[in-house]
Amino acid sequence: MTKHLEDTLHEKIAKVVQGGDAKYHDKLKEQNKLFVRDRLKLLFDDEFMVEDGLFANVMAGDLPADGVVTAIGKVNGQTVCVMANDSTVKAGSWGSRTVEKIIRIQETAEKMRVPLLYLVDSAGARITDQLEMFPGRRGAGRIFYNQVKLSGKIPQVCILFGPSAAGGAYIPAFCDIVIMVDKNASMYLGSPRMAEMVIGEKVSLEELGGARMHCSVSGCGDVLAANEEEAIQAARSYLRFFPANYTLTPPTALAKAPVSTAKEITSIVPENQNAAFNMHDVITALVDEGSFFEIKKLFAQELITGLARLDGKPVGIIANQPRVKGGVLFVDSADKAARFITLCDAFSIPLLFLADVPGFMIGTAVERAGIIRHGAKMISAMAEATVPKISVIVRKAYGAGLYAMASSAFEPDACLALPGAQIAVMGPEAAVNAVYSNKIQAIEDPAERQAFIQEKRREYQEDIDLYLLASNLIVDAVVPPSELRRELIQRYEVYKEKRHVFSDRKHAVYPV
Amino acid sequence: MKQVAANMAGTVINVLVQPGDEINEGQDVLVLESMKMEVPVQAQASGKVVEVKANIGDFVNDGDIIVVLE
C-alpha cells in the first residue's frame, strides 16, 4: 500500500471529525454549547474510543458522519456505547444513515450488554429523506422499539444538550434518566411555531418545553444541569450506581461515614406528629458522606427519590418530605415513586422507604386527576419489586400511605419503626371525628364535648401504640434512631442473598 | 409582578410575612393546615411584599395567590 493512500485517508478523517461548517461551530459557542467530539472527551475516562460509521454519507460531501457520532468508550472503567448528535451538521437532524447508525449502536449495546448513552441535540427528522428514514423496518421507529426492548436490560441514559423535537422527543422518554442542560435543552412534540399555526397558541420555547419546565412541572426531565460539563458529570456520577446490565450486581464503592455535620435523627424529627421537618436531614444522617444522587429533585418535591450509598453499597431511597405539602402523596409524587422503584428493581439496587406520610391527598382536584389509578401505579411497582426492600416508619404512616411505603403486607424484608412512629388508618383527630361525629355533635356543653374528644383520642392513641403493634408482629423491629444506619447496613448485608421471583406470568395488567 | 401561590388546598393557620417585608425565594411565608398537617408554604420568588391576600382561617386552593410581591 502506498503512503499516498494512507495520507488521503487521514485527510478524509480529519475533514469528517471537524463536523459541520465553521459558522455552525461559532453558533455553538454563542449558545455555550460544546462540539459533539468535545462532549465525548468529557464523558469518556480517557482516549479509549472505538467509532463506527465515521464515513456515513461521506459521498454527500456536506453531511459529516451523517450528523451523529456512534462510539464505544469507557465511563468509570466500564465499557459503554454512545450515540451523540452533531448539531453542526444540519442541526443534528436524522437522515437514513443517521438512523441506521443509531440502530446499530443499540444493537451493539444489546449484544455487549453494556450501558447506552444518548447525547441528544437534534432538530428531528430530515423531511426530505423521510421515505428512507421514517416509515420502514429500520426507520426511526426501530430506534424506539429497541429502546423499549433494552429497557431494564441495560442502563439507558439521556443527556439533552439542545432540542429533542417531535418524534425525536421519544428518545429521552424511553431512557431511564434524562439529564437536561438549563436554557439550552428542550423537548416538545410541536414547536412554538407549530403551536401557533395549528392551535393558535403563542408561547415561548422555554415555557413550552424548556429544561426547567420539564424538570419541575412535566416530570419528563430528571436532573437539571447548569451547563454541559455539569450534565456530563451527572451522567458519570449516576452510572457509578449501576451494573453494566441486569444480570450483574451494582458496583460498590469505598465505605464512608455520614458527613460529620449531620444532625442526630432524634433532634430532626419533631415529636408533634403534625409539625414539618426536613427529611433531607434524615437522609444525610443515614447515608455515606456525599453519596446522595437525587433524581427528580425539582418535581413533586413532597416525595424524595434518589440513589445513595450505605457502607459503600448502593441503595435507592424513597422518602416522604413533610417539609413540602406535608409529605402527602399526590398524583405526581406517586408517579415519581413508581418510576424510581422500577428503575432500582430492574438493576438490583435495594430499596429503602422512609415513611412519614399522612396519606394520599383528597379533594376534588386530585380525584379528577385520577389519584387512585396513579397511587395504584406506585403500590403496584413497590409490590412487584423483588430487590431487598426495607420500610422505616420514621414518624407516621396513615391510610394507603402506609401501604404505598412498603409496609408489612407488601413483603418488605423488614418493616422497622422509630420509637415515635404511629401507624393507623388515620390520625387520632380525624379518626375520632370519623367514628364519633354524631355523638360529638350531640353534646351541647362545649367543655364536656372537648373532654369527650380528648378521652376518645387518648383511647385511640392506646389502640395504635407502637409497642402494641410490635407485640402483634406488625412491625419487625423498633430501632433506636441513633442505631438506624447500623441496623440498615446489617440488614442489607443479610438480604443481599435474597432470591425472589414475584411471578412467572407474562406481565401484570398495570394500572396507568 | 411576582406572586406567591398556595401549593395545596388547606386552611391558613399562620401568616408569617406582612406588607413591606423583604422576602427570599424558599422562605416560609405562610402555614396551612391540610391533611391534619402543618404545611409551610415557601415563596417561589424573592421581593418586597406588597399585599398578603390570605388571612388566618381562610380556605385556599392549590394555585391561589396568597402573597403579592413588588
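Protein chains in written order, with full-length UniProt numbering: chain A, 1 to 512; chain B, 1 to 70.
Cβ atoms here follow ideal geometry from the backbone N, Cα and C, with glycine treated the same way.
Everything numeric in this text was worked out from a predicted model, so none of it was measured.
Rounded to a whole number of angstroms, what is the C-alpha to C-alpha distance between residue i and residue j?
i	j	result
residue 521 of chain A	Leu40 of chain A	This structure cannot speak to residue 521 of chain A, because chain A is shown only from 1 to 512.
Val114 of chain A	Ala169 of chain A	23 Å
Lys23 of chain A	Gln147 of chain A	34 Å
Gln233 of chain A	Asp64 of chain B	39 Å
Ala400 of chain A	Ala308 of chain A	26 Å
Ser122 of chain A	Gln156 of chain A	18 Å
Phe410 of chain A	Val357 of chain A	17 Å
Ala338 of chain A	Phe241 of chain A	19 Å
Ser34 of chain B	Asp38 of chain A	50 Å
Asn55 of chain B	Val12 of chain B	7 Å
Tyr460 of chain A	Glu206 of chain A	51 Å
Val494 of chain A	Lys33 of chain A	47 Å
Val315 of chain A	Gly427 of chain A	30 Å
Ala430 of chain A	Ala211 of chain A	41 Å
Pro258 of chain A	Thr364 of chain A	42 Å
Gln27 of chain B	Ala231 of chain A	28 Å
Cys175 of chain A	Tyr118 of chain A	9 Å
Leu248 of chain A	Val49 of chain B	55 Å
Phe347 of chain A	Glu229 of chain A	26 Å
Ala226 of chain A	Ala285 of chain A	27 Å
Met382 of chain A	Thr98 of chain A	39 Å
Gly221 of chain A	Tyr238 of chain A	14 Å
Leu9 of chain A	Gln18 of chain A	14 Å
Thr261 of chain A	Ile199 of chain A	54 Å
Arg499 of chain A	Gly209 of chain A	42 Å
Val287 of chain A	Ile268 of chain A	15 Å
Lys36 of chain B	Tyr398 of chain A	11 Å
Val387 of chain A	Phe293 of chain A	19 Å
Val331 of chain A	Phe340 of chain A	15 Å
Tyr492 of chain A	Ala451 of chain A	47 Å
Cys344 of chain A	Leu351 of chain A	7 Å
Phe161 of chain A	Glu25 of chain B	27 Å
Output, in chain order, the set of chain B residues within a Cβ distance shorter than 9 Å of residue i.
i	result
Met213 of chain A	Within chain B, no residue comes near Met213 of chain A; the closest Cβ sits about 14 Å away, beyond 9 Å.
Which chain B residues are close to residue i, counting only those with a beta carbon under 8 Å from its beta carbon?
i	result
Gly363 of chain A	Ala9
Gly359 of chain A	Met35
residue 530 of chain A	The structure shown has nothing for residue 530 of chain A, since chain A only spans 1 to 512.
Ala430 of chain A	Lys36
Note down, in chain order, each residue of its chain lying with its Cβ closer than 8 Å to the Cβ of residue i, except the 5 sequence neighbours on either side.
i	result
Ala125 of chain A	Ser93, Trp94, Met133, Phe134, Ala140, Ala166, Gly167 and Gly168
Met279 of chain A	Ile304, Ala319, Asn320, Gln321, Pro322, Arg323, Gly327, Leu354, Asp356 and Val394
Met16 of chain A	One detail in the question is off: residue 16 of chain A reads as Val in this sequence, not Met. For Val16 of chain A, where only same-chain residues beyond five positions count, the Cβ hits under 8 Å are Leu54, Phe55, Val58, Pro64 and Ala65.
Is it right to say residue i is buried, meaning 16 or more other beta carbons lie within 10 angstroms of its own, or is it exposed?
i	result
His4 of chain A	exposed
His507 of chain A	exposed
Ala276 of chain A	buried
Leu473 of chain A	exposed
Lys101 of chain A	buried
Asn184 of chain A	buried
Could you check whether the Cβ of residue i sits closer than 8 Å to any Cβ belonging to chain A?
i	result
Glu38 of chain B	yes
Asp64 of chain B	no
Report yes or no: is there a C-beta of chain B within less than 8 Å of the C-beta of residue i?
i	result
Pro258 of chain A	no
Pro322 of chain A	yes
Gly427 of chain A	yes
Asn274 of chain A	yes
So residue i contacts chain B; which residues on that side make the cut at Cβ distance below 7 Å?
i	result
Gly326 of chain A	Ser34, Met35, Met37 and Val39
Pro350 of chain A	The premise fails here: Pro350 of chain A is roughly 29 Å from chain B at the closest Cβ pair, so nothing lies under 7 Å.
Report all residues from its chain with a CB closer than 6 Å to the CB of residue i; omit the five preceding and five following residues, and keep chain order.
i	result
Lys313 of chain A	Thr252
Ala376 of chain A	Pro511
Ile105 of chain A	Thr70, Cys81 and Met83
Gly47 of chain B	Lys2, Leu69 and Glu70
Asp52 of chain A	Thr70
Val31 of chain B	Ile13, Asn14, Glu38 and Pro40
Just to confirm my understanding: we take residue i, look at its own chain, exclude 5 residues before and 5 after, and list those with CB closer than 7 Å. What are they?
i	result
Lys62 of chain B	Contrary to the premise, residue 62 of chain B reads as Asp rather than Lys in this sequence. Contacts found: Ala6, Asn7, Met8 and Ala9.
Asp129 of chain A	Gly95 and Ser96
Ser216 of chain A	Leu298 and Phe299
Lys456 of chain A	Val432 and Tyr436
Compare the C-beta of residue i against all C-beta atoms of chain D and say whether one is closer than 8 Å.
i	result
Ser348 of chain A	Considering every chain present, this structure includes no chain D. Its protein chains are A and B.
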